Amino acid sequence: MTTTSPIVKFAGRLVIVGFGSIGQGILPLLLRHIDMKPEQISVVTAEDRGKTEAEEYGIKFHRIPLTRDNFRSVLDPMVGEGDFVLNLSVDVSSLALIKFCHTRGALYLDSCIEPWAGGYTDTSLSPSLRSNYALRESVLQHKGGYANGPTAVITHGANPGLVSHFVKQALLNIAADTGLDIKTPRTRNGWADLARTLGVKAIHVAERDTQVSNVPKKRGEFVNTWSIDGFVGEGCQPAELGWGTHEKGLPPDGRRHEFGCDAAIYLMRPGAGTRVRTWTPKEGPLHGFLITHSEAISIADYLTVWDRTSVRYRPTVHYAYHPCDDAILSLHEFAGKTWAMQPEKRLMMDEIIGGIDELGVLLMGHAKGAYWFGSQLSIQQARELCPHNNATSLQVTAAALAGVIWAIENPKAGIVEPEELNHERVLEIAAPYLGKLTGSYSDWTPLHNRGVLFPEDVDTTDPWQFKNFRVV
Numbered sequence: 012m013t014t015t016s017p018i019v020k021f022a023g024r025l026v027i028v029g030f031g032s033i034g035q036g037i038l039p040l041l042l043r044h045i046d047m048k049p050e051q052i053s054v055v056t057a058e059d060r061g062k063t064e065a066e067e068y069g070i071k072f073h074r075i076p077l078t079r080d081n082f083r084s085v086l087d088p089m090v091g092e093g094d095f096v097l098n099l100s101v102d103v104s105s106l107a108l109i110k111f112c113h114t115r116g117a118l119y120l121d122s123c124i125e126p127w128a129g130g131y132t133d134t135s136l137s138p139s140l141r142s143n144y145a146l147r148e149s150v151l152q153h154k155g156g157y158a159n160g161p162t163a164v165i166t167h168g169a170n171p172g173l174v175s176h177f178v179k180q181a182l183l184n185i186a187a188d189t190g191l192d193i194k195t196p197r198t199r200n201g202w203a204d205l206a207r208t209l210g211v212k213a214i215h216v217a218e219r220d221t222q223v224s225n226v227p228k229k230r231g232e233f234v235n236t237w238s239i240d241g242f243v244g245e246g247c248q249p250a251e252l253g254w255g256t257h258e259k260g261l262p263p264d265g266r267r268h269e270f271g272c273d274a275a276i277y278l279m280r281p282g283a284g285t286r287v288r289t290w291t292p293k294e295g296p297l298h299g300f301l302i303t304h305s306e307a308i309s310i311a312d313y314l315t316v317w318d319r320t321s322v323r324y325r326p327t328v329h330y331a332y333h334p335c336d337d338a339i340l341s342l343h344e345f346a347g348k349t350w351a352m353q354p355e356k357r358l359m360m361d362e363i364i365g366g367i368d369e370l371g372v373l374l375m376g377h378a379k380g381a382y383w384f385g386s387q388l389s390i391q392q393a394r395e396l397c398p399h400n401n402a403t404s405l406q407v408t409a410a411a412l413a414g415v416i417w418a419i420e421n422p423k424a425g426i427v428e429p430e431e432l433n434h435e436r437v438l439e440i441a442a443p444y445l446g447k448l449t450g451s452y453s454d455w456t457p458l459h460n461r462g463v464l465f466p467e468d469v470d471t472t473d474p475w476q477f478k479n480f481r482v483v
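Dropping the structure here:
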């Protein structure tokens, strides 16, 4: 595929809900790779931001914040059978839009499962009930009833989304490099058996964003390379991770959920206040934030091997995120104000002068130690490949584009998670926009250079225990 070729034809209407950095960034990709006219597309968003960009492409722009009370009346005239709702919003319930699209016979895709405004920090709910685990379970309970209905692809941005396809490719690469003669699995059980056979104990979504701008962060300002509201919302949720069968015991602040698939745990602290050790090829060892993401749960659940009613194998899975340096300063200030948001927000885009987003998956515990596979995309490459994007947003928009095309090609799949999509098809579509797709082995473990300055409580018998990754 070239970066200018149309891939699929779409005759319906497409409504983009939310038009922040990801909405603006995906618009040129939709028009480039889907055979459709600008007049088929509408934007519904809560802010004026992006209006100029929509007008540039001849797209109808509606500034109407969607709420529990008005979303049906706003969307009813815009969405019917065969249409598509692309939900890239914050503070708009994904489940409400999924149900709406199902009744209308429309396709759907989102990049994360959102609650209505305030859902992430609603203290009338327990930490368990305001988790991504709970949000995922609330959608998946409709999966059986929506089977063979209009396709609803959930959580298909970069992460969650693209990284699930990276995991599959990484498993195949490790298998080939260790001499394991296999065919590409075509079932959930096949992928889980492969991960177990390889001995994968832990999987990190390991990301280091080094993009830098020529505008210094001010006091009282939150700066980031993607949605500030989205980052702050998930950062205030409990830290969550898929919980592996090799783990010897729960962390002191770890809790299990009392419902659902039981593939994950949560910590009694926010992800923005929880750090872990990880590794990427360009950065090397680093500390990242254990921000909750749906892929930590869905990948762990998907790779579970069952022995009738008991779990035989499951890896520990979580995000380990080092955002750009200005976002680190912003998080430090945010935490120091006891999680009270700064009065000003700035999304870095045109002022970025250098850096990359190194986003991949780190699979650990197998015969070759640790293996990272993913995308190394620079700001210069992103600007050359697609307007209205930085390196971070293009990794998201390329993956969302691939999910949209997959949904158009598979319109009667019901509710599907990223792991259920064909990873080869998704990577075929997204890869031209991901910079350097590469894999790298390492002998790094979280015990590297530990206990040199001071004694530390570590488990030397198994380096891949979560307690060894956690920064305390």
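Residue numbers (the numbering used here): 12 to 483.
In this text, a Cβ means the ideal position worked out from N, Cα and C, and glycines have one as well.
In this text the structure is predicted, and so the values were computed from the model without any measurement.
- Take the alpha-carbon of Val90 and the one of Glu431: they are about 26 Å apart.
- For Cys247 against Trp127, the beta-carbon gap comes to about 15 Å, at or over 8 Å, which does not count as contact.
- Excluding sequence positions up to five before and after Arg325, its CB lies within less than 6 Å of the CB of Gly255, Thr256, Ala311, Thr315, all in the same chain and listed in chain order.
- Shown here for Ile426: same chain residues with a beta carbon closer than 6 Å to its own, the five before and five after excluded, namely Lys154, Tyr157, Ala163 in chain order.
- For His73, the three-state secondary structure derived from DSSP is strand.
- Taking 3 residues as the shortest admissible run, the segment 162-248 contains the following complete beta strand (DSSP E) segments, listed from N- to C-terminal end: 213-220, 232-235.
- Look at Ile27 here: in three-state DSSP terms it is strand.
- The secondary-structure analysis by DSSP pairs Phe300 across a beta bridge with Arg286, Tyr332.
- The C-beta of Ser84 has fewer than 16 other C-beta atoms within 10 Å across all chains shown, which makes the residue exposed.
- Between the segment 403-419 and the segment 177-196, the count of Cβ pairs shorter than 8 Å is below three; the stretches do not touch.
- Per DSSP, reduced to three states, the secondary structure at Glu251 is strand.
- For Gly29 and Lys447, the gap between their C-alpha atoms comes out near 29 Å.
- Shown here, Ser142 sits in coil according to DSSP, grouped into three states, outside any helix or strand.
- When DSSP states are grouped into helix, strand and coil, Pro49 belongs to the helix group.
- For the segment 308-373, the continuous beta strand (DSSP E) assignments of 3+ residues that do not extend past its boundaries occur at 316-318, 321-324, 327-333, 355-358, 363-365, in sequence order.
- The C-beta distance from Leu458 to Thr471 rounds to 7 Å, short enough to meet the 8 Å contact threshold.
- About 6 Å separates the beta carbons of Thr403 and Asp220, which is inside the 8 Å limit, making them a contact pair.
- Within 10 angstroms of the beta-carbon of Pro281 lie 16 or more other beta-carbons, which makes it buried.
- The alpha-carbon of Arg60 is positioned some 7 Å away from that of Gly31.
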